[in-house]
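Right, one structure below, let's go through it.
Protein chains: 4
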Amino acid sequence: MDNHTHRLCVNLSDKPGLLARFSNLIAENGGDISSAHHHVEGGRLYLRFVFTSKGNRDELRRVFLNAAQDTTADARIHLADPELPARVVVLCSREGHCLYDLLARHLAQDFRFTIPCVISNHETHRRVVESHGIPFYYVPSDDKVIAMREIRRLFKEHQGDWMVLARYMQVLDAETCNAFAGKIINIHHAFLPSFPGARPYHQAHARGVKLVGATCHFVTTDLDDGAIIEQDIIRVDHGDSPESMMQRGRDIEVSVLARGLRGVVEDRVFVAGKRTVVFR
Amino acid sequence: MDNHTHRLCVNLSDKPGLLARFSNLIAENGGDISSAHHHVEGGRLYLRFVFTSKGNRDELRRVFLNAAQDTTADARIHLADPELPARVVVLCSREGHCLYDLLARHLAQDFRFTIPCVISNHETHRRVVESHGIPFYYVPSDDKVIAMREIRRLFKEHQGDWMVLARYMQVLDAETCNAFAGKIINIHHAFLPSFPGARPYHQAHARGVKLVGATCHFVTTDLDDGAIIEQDIIRVDHGDSPESMMQRGRDIEVSVLARGLRGVVEDRVFVAGKRTVVFR
Amino acid sequence: MDNHTHRLCVNLSDKPGLLARFSNLIAENGGDISSAHHHVEGGRLYLRFVFTSKGNRDELRRVFLNAAQDTTADARIHLADPELPARVVVLCSREGHCLYDLLARHLAQDFRFTIPCVISNHETHRRVVESHGIPFYYVPSDDKVIAMREIRRLFKEHQGDWMVLARYMQVLDAETCNAFAGKIINIHHAFLPSFPGARPYHQAHARGVKLVGATCHFVTTDLDDGAIIEQDIIRVDHGDSPESMMQRGRDIEVSVLARGLRGVVEDRVFVAGKRTVVFR
Amino acid sequence: MDNHTHRLCVNLSDKPGLLARFSNLIAENGGDISSAHHHVEGGRLYLRFVFTSKGNRDELRRVFLNAAQDTTADARIHLADPELPARVVVLCSREGHCLYDLLARHLAQDFRFTIPCVISNHETHRRVVESHGIPFYYVPSDDKVIAMREIRRLFKEHQGDWMVLARYMQVLDAETCNAFAGKIINIHHAFLPSFPGARPYHQAHARGVKLVGATCHFVTTDLDDGAIIEQDIIRVDHGDSPESMMQRGRDIEVSVLARGLRGVVEDRVFVAGKRTVVFR
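Chains as they are written, first to last, in my numbering: chain A, 1363 to 1642; chain B, 1363 to 1642; chain C, 1363 to 1642; chain D, 1363 to 1642.
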């Protein structure tokens, strides 16, 4: 049997001996660990291992699940194939910088993901998306209920693992947020919790801040209030108008979203209430 | 007569020809410009020149004032000697990192300033301050009215140009804020407008932000709401507790305060409502 | 006659009174200055003005040229229309991240430029480039002499103002470098002067640096030694392989190139020997 | 018996099962792990655990040593008390910014270290050092052989764990470098490998770089070529002279040295040839 690479994520109530327990199980099943991360917070233990083993993934999964269930009722175990590309459904509106960046990363295989489709409430980017050989769906947002239903349908039809709001300028309804809770990530063009909501660069300009930021976060029913995955900032000065802040800000929106997305598709991100654990 | 260096700051209602007007006046008075900054915003013009000239400073000042008064009733003109060290009165409490950094910069003559005295509501740092040959005043904050009066008295007695709250953990009263409006700067240990008020690192930890910041701003009667002079951030992650954020954050508190202070003592900072113009 | 915006760049031997001289000329010709930059270095004065005026651009140009020629034999004057998009010919090879970023910025009109054509020694990116409605030329690099000649021909035919090496993996020959001296900019994937030449991320990994960088610079006949326009860095750690550094590094290659290019097309960049003046 | 905190560092040839082995040993000895780091590189495994246990530190040390010796001849095991402050001997010359920063951190107990003495080839900082209650030794550098011998003697006499060159402007001789190999760290005021040796800010100015840096590294007999622990940069522009770069650069020298020192005293730094593993 061939050697395979496996990625194991564990999230359970902490007690002494758990790192030993899981690393033992890996060793006993012929696993050779190439990377291990460990974090304890709020009474919970977060573990992430990458290891190679000849073992069958389904059998291994059973082994780890049993071990976890012995320990605690609320253990969450995830054993994945790091070679399998995550399926990332991208939503966007008129502004294309985040979309185009994801298309370029997809082409460059910057990290393991594929884009099964792009959904937009504008036709603007159809031609470029299709030139990448990716289906493009125009879902107008005039009737919100219909639009949300169609987005959920497309996401399921294309077997999306993650939904990315790449400057999608519509607020998702509660049904969509809840249907894919923990699977939807957004890029907000401000350094949250400063300047949530609309026109953050105008807010930033009026307040006279010297740095503007971008925040990649999970989407919940509370607007711009989900757990933060990644943030970054860029320096501005008195010479910047809201428009030039917007322009400069695009660069960090793009890179913050990409780093956040890379984290989630590589199972580096664990949600812990309003906080995230992000193993580098 | 010897050549002297002069620094001219102008802040007046904008109209065509004003840059020509002031640079002409400098040229006509034998001035040679080594640096010039220009900014227009909200109908006002901000100019800063550094030039050398044999002219007498008081006469030059009259020339520029007359020119400005011809133009607009609300012109503000400031002609300074860049060699003259600004007198910076430092207030602090128990935490000494910002104070010690300022003492070290003063010793190194990092930029042109002197510290006529240090005022604190704790005796903690007396010995180190006095080892620098700088008077140290203990002003307990039990009786706020008395404390504030004493601070105002000491600031005047020591002919302070600027009052720096270097992690001074007391809110100044309105009388003090107003008496020295535009002359008091504070370092707040958060990236304002996020996390104003008390325990910002605890707030930042609870919200799960990935960057923590520091803000140097003018003090007004609205707490942590004055015009921002300088800001910076430092990256934190899930492994950081509020305590370790505090520890990491000290580095940027120190450098943000120092950069902000340098800006004001070198007349690089103009207040424009809630915003500042900061000529680099 | 309508008001027009003009951008004036001046680069000449410094002597007292020149800022007055040029700002006077602008005022005398009905100009209203919205932005002015001034820098003196190595005996030369660098000025950049943006102003509106009803004056005819060709007449204005004559006025400034005459003023400059009165002053010094080696004055350089440039009066441009800020509304006119610069023509940026992009060269690339297999890696597409910088190209795709420029295409996205072009579409978003991030700053005023147009891409008259893309030239590559690989067919890889033809489809995407053409989906943007931009001509794509495949110029194989097997015969270097022929390739270089063809590149020069295409640049002229498309009336290029700037040639951008957007990860073009061929060294330009001396004839091309000299033919368009001061008009060719490159993005090097290292923080020059560290790690010039080939495989900089491998060099960086071997040396164990904690930051990797990117440098946008003018191309001269000395490889990676032209004047630097813009640089930035990104943090790496022991967990990064040369491959993951490469991946992380793409983000700053993209943004450093874009900032550098924006600077040159907006006439913010003056070359002063091995150094550049970059007015923000 | 009371619970104690222990810090275990392991560095040995990698083979499958070692993480399990060591985490088992901790569990079997009643240990509860609060933090664990793991890195594999170049055939070697680097582990760092912090755990609490009632076990006696000497007995625990024997347990881990035996386990390691079973595995490989060249294993290195280090079990430390995280509460015990590291003894950091500081060397400096005329420039005091790094020294003063360390004194302030020491006072603030920023991280667990103590300064048993300061050694300098100038008397400049005696008064301030002594005001902190720390012995100050003046060791003139006129006779290098004598100076180096005295430095070695003082370091041993004061039972130094680490020797920090806090802008000490003398090159240590080979005997000193070798006597305390892996225990001496330096702050170099450039982003190595750019600008090693003397006057790096002047080199940086002449080359026209847009960022200047600082590097904290281990001292070896090859000047500025030891393994890098930490680096950072600060933005400069055409307006900066070598002197103002120096001024701005001090801020990052200070913070880079502090972060590097914190890493080594907390046993987060492992040397792997020319590279370091730095567990955050």
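Ideal Cβ positions, reconstructed from N, Cα and C, are used throughout, including at glycine.
Mind listing which residues of the region 1572-1602 of chain A have their C-beta closer than 8 Å to chain C's C-betas, in chain order? Identification of residues in the region 1572-1602 of chain A having a C-beta nearer than 8 Å to some C-beta of chain C yields D1599 and G1601, given in sequence order.
Please report the Cβ distance between I1439 (chain A) and I1481 (chain A), rounded to the nearest whole angstrom; I am assuming they are in contact, meaning their Cβ atoms lie under 8 Å. The residue labelled residue 1439 (chain A) in the question sits at position 77 within the first sequence. The residue labelled residue 1481 (chain A) in the question sits at position 119 within the first sequence. Not quite, the Cβ-Cβ distance comes to about 32 Å (not below 8 Å), so this is no contact.
Using beta-carbon positions only, say whether L1409 (chain B) and H1400 (chain B) come within less than 8 Å of one another. Taking the second sequence and counting its residues from 1, the one referred to as residue 1409 (chain B) is at position 47. Taking the second sequence and counting its residues from 1, the one referred to as residue 1400 (chain B) is at position 38. Yes; because the gap between Cβ atoms is below 8 Å, this pair is in contact.
For the alpha helix (DSSP H) containing A1435 (chain C), list its first residue and its last residue. Counted from its first residue, the third sequence places residue 1435 (chain C) at position 73. Taken as a continuous stretch (DSSP letters only), A1435 (chain C) belongs to no alpha helix (DSSP H), as it is neither H nor E.
Just list the residues that DSSP pairs D1594 (chain D) with in beta bridges. By 1-based counting over the fourth sequence, the position of residue 1594 (chain D) is 232. According to DSSP, D1594 (chain D) bridges with D:A1576.
Does the region 1539-1557 of chain B touch the region 1576-1588 of chain B, meaning 3 or more C-beta pairs lie closer than 8 Å? Short answer: they touch.
Thinking just about the alpha-carbon of each residue, which of D:H1550, D:Q1532, D:V1533 and D:T1538 is nearest to the one in F1517 (chain D)? Start at 1 with the first residue of the fourth sequence, and residue 1517 (chain D) comes out as number 155. Among D:H1550, D:Q1532, D:V1533 and D:T1538, the Cα nearest to that of F1517 (chain D) is on D:T1538.
8 Å Cβ cut-off: residues of chain E touching Q1609 (chain C): Structure shown: chain E not included; protein chains present are A, B, C and D.
Rounded Cβ spacing between I1614 (chain A) and D1599 (chain A) (contact assumed at less than 8 Å): Mapped onto the first sequence, residue 1614 (chain A) falls at position 252. Mapped onto the first sequence, residue 1599 (chain A) falls at position 237. Actually they do not touch by this definition, with Cβ atoms about 16 Å apart.
What residues from the region 1551-1566 of chain B come within 9 Å of chain D, judged by C-beta to C-beta, listed N to C? none
M1607 (chain A) in three-state terms, based on DSSP: By 1-based counting over the first sequence, the position of residue 1607 (chain A) is 245. The answer is helix: DSSP assigns M1607 (chain A) an H, G or I state.
Would you kindly work out how many angstroms separate the C-alpha atoms of R1612 (chain B) and H1459 (chain B), rounded to a whole number? As a working mapping, residue 1612 (chain B) is identified with position 250 in the second sequence. As a working mapping, residue 1459 (chain B) is identified with position 97 in the second sequence. Computed Cα separation, rounded: 7 Å.
Can you find a CB in chain C that lies within less than 8 Å of the CB of I1549 (chain B)? To locate residue 1549 (chain B), count along the second sequence from 1; it is residue 187. Judged by the 8 Å Cβ criterion, I1549 (chain B) is not in contact with chain C.
Using CA coordinates, which residue listed in A:I1549, A:D1394 and A:L1374 is at the minimum distance from L1453 (chain A)? Start at 1 with the first residue of the first sequence, and residue 1453 (chain A) comes out as number 91. The residue with the shortest Cα to Cα distance from L1453 (chain A) is A:I1549.
Contacting residues, own chain, Cβ-Cβ under 7 Å from K1636 (chain C) (five flanking each side not counted): Residue numbering aside, residue 1636 (chain C) sits at position 274 when the third sequence is read from its first letter. Only A1589 meet the Cβ criterion.
Straight-line CA distance for S1396 (chain A) to V1616 (chain C)? Along the first sequence, read from residue 1 onward, the residue named residue 1396 (chain A) stands at position 34. Along the third sequence, read from residue 1 onward, the residue named residue 1616 (chain C) stands at position 254. Going by the C-alpha atoms only, they are around 31 Å apart.
Ordered along the chain, which non-local residues of its own chain (more than five positions away) have a Cβ less than 8 Å from that of G1405 (chain A)? Here the question's residue 1405 (chain A) lines up with position 43 in the first sequence. Counting only Cβ-Cβ distances below 8 Å, and skipping sequence neighbours, we find S1375 and D1376.
Strand pairing of Y1499 (chain C), partner residues [DSSP]: Position 137 of the third sequence, counted from the start, is the residue given in the question as residue 1499 (chain C). In DSSP, Y1499 (chain C) forms a bridge with C:I1481.
Chain C within 8 Å of V1640 (chain D), Cβ atoms only: Position 278 of the fourth sequence, counting from 1, holds the residue named residue 1640 (chain D). Yes, its Cβ sits closer than 8 Å to a Cβ of chain C.
Can you give me, in chain order, the residues of the region 1613-1637 of chain C that have a beta carbon less than 7 Å from any beta carbon in chain D? K1636 and R1637
Looking at chain C, which residues of the region 1471-1503 of chain A have a Cβ within less than 8 Å of any of its Cβ atoms? D1472, F1473, R1489, V1490, E1492, S1493 and H1494
Selection from A:P1378, A:R1419 and A:R1642 that minimises the alpha carbon distance to D1364 (chain A): In the first sequence, the residue the question calls residue 1364 (chain A) occupies position 2. The option with the nearest alpha carbon to D1364 (chain A) is A:R1419.
Pull up the distance between the alpha-carbon of D1463 (chain B) and that of V1491 (chain B), whole angstroms please. Your numbering for residue 1463 (chain B) matches position 101 in the second sequence. Your numbering for residue 1491 (chain B) matches position 129 in the second sequence. Spanning the two alpha carbons is a distance of roughly 12 Å.
Quick one: which chain A residues come within Cβ less than 7 Å of H1459 (chain C)? Translated into the one-based positions of the third sequence, residue 1459 (chain C) becomes position 97. Neighbours of H1459 (chain C) on chain A, chain order: A1466 and A1470.
Whole angstroms are fine: how far does the CA of V1618 (chain A) sit from the CA of R1467 (chain C)? As a first step, residue 1467 (chain C) is located in the third sequence; it is residue number 105 there, counting from the start. As a first step, residue 1618 (chain A) is located in the first sequence; it is residue number 256 there, counting from the start. Cα to Cα, the separation comes out at about 17 Å.
Relative to the C-alpha of F1475 (chain C), which residue among C:V1402, C:A1568, C:S1455 and C:V1526 is closest? Within the third sequence, numbered from 1, the residue matching residue 1475 (chain C) stands at position 113. The shortest C-alpha separation from F1475 (chain C) is found at C:V1526.
Suppose only complete runs of 4+ residues qualify. What are the alpha helix (DSSP H) ranges in the region 1381-1452 of chain B, listed by chain order? 1419-1433
Looking only at its chain, what residues have a beta carbon closer than 7 Å to the beta carbon of A1430 (chain B), apart from the 5 residues adjacent to it on each side? Residue mapping note: residue 1430 (chain B) aligns to position 68 of the second sequence, counting from 1. Cβ within range, chain order: V1372, L1374, A1437 and I1439.
What are the partner residues of H1368 (chain D), as DSSP defines its beta bridges? Looking up residue 1368 (chain D) in the fourth sequence gives position 6. In DSSP, H1368 (chain D) forms a bridge with D:F1413.
Can you list the residues of chain B that Y1462 (chain D) reaches, using a CB-CB cut of under 8 Å? Reading the fourth sequence from its first residue, position 100 is the one you call residue 1462 (chain D). In chain order: Y1462, D1463, L1465, A1466 and L1469.
Roughly how many whole angstroms lie between the Cα atoms of H1579 (chain C) and G1379 (chain C)? Here residue 1579 (chain C) is taken as the residue at index 217 of the third sequence, counted from 1. Here residue 1379 (chain C) is taken as the residue at index 17 of the third sequence, counted from 1. For the pair H1579 (chain C) and G1379 (chain C), the Cα-to-Cα distance works out to about 33 Å.
Less than 8 Å between the CB atoms is what I'm expecting for P1444 (chain B) and R1369 (chain B), so what's the real figure, rounded? If you number the second sequence from 1, residue 1444 (chain B) lands on position 82. If you number the second sequence from 1, residue 1369 (chain B) lands on position 7. About 5 Å; that satisfies the 8 Å criterion.
For R1569 (chain A), return the contacting residues in chain B, with the cut-off set at a CB-CB distance below 7 Å. Stepping through the first sequence from its first residue, residue 1569 (chain A) is reached at position 207. Per Cβ cutoff of 7 Å: P1555 and K1636.
Taking its Cβ as the centre, do 16 or more other Cβ atoms sit within 10 Å of L1623 (chain C), making it buried, or is it exposed? For the purposes of this step, residue 1623 (chain C) is taken as residue 261 along the third sequence, with counting starting at 1. That one is buried.
Could you list the residues in the region 1377-1402 of chain D with a C-beta less than 8 Å from some C-beta on chain C, going in chain order? H1401
Within 10 Å of its beta-carbon, does P1502 (chain A) have 16 or more other beta-carbons around it, so buried, or fewer, so exposed? Here residue 1502 (chain A) corresponds to residue number 140 of the first sequence, with the count starting at 1. Answer is exposed; the Cβ neighbour count stays below 16.
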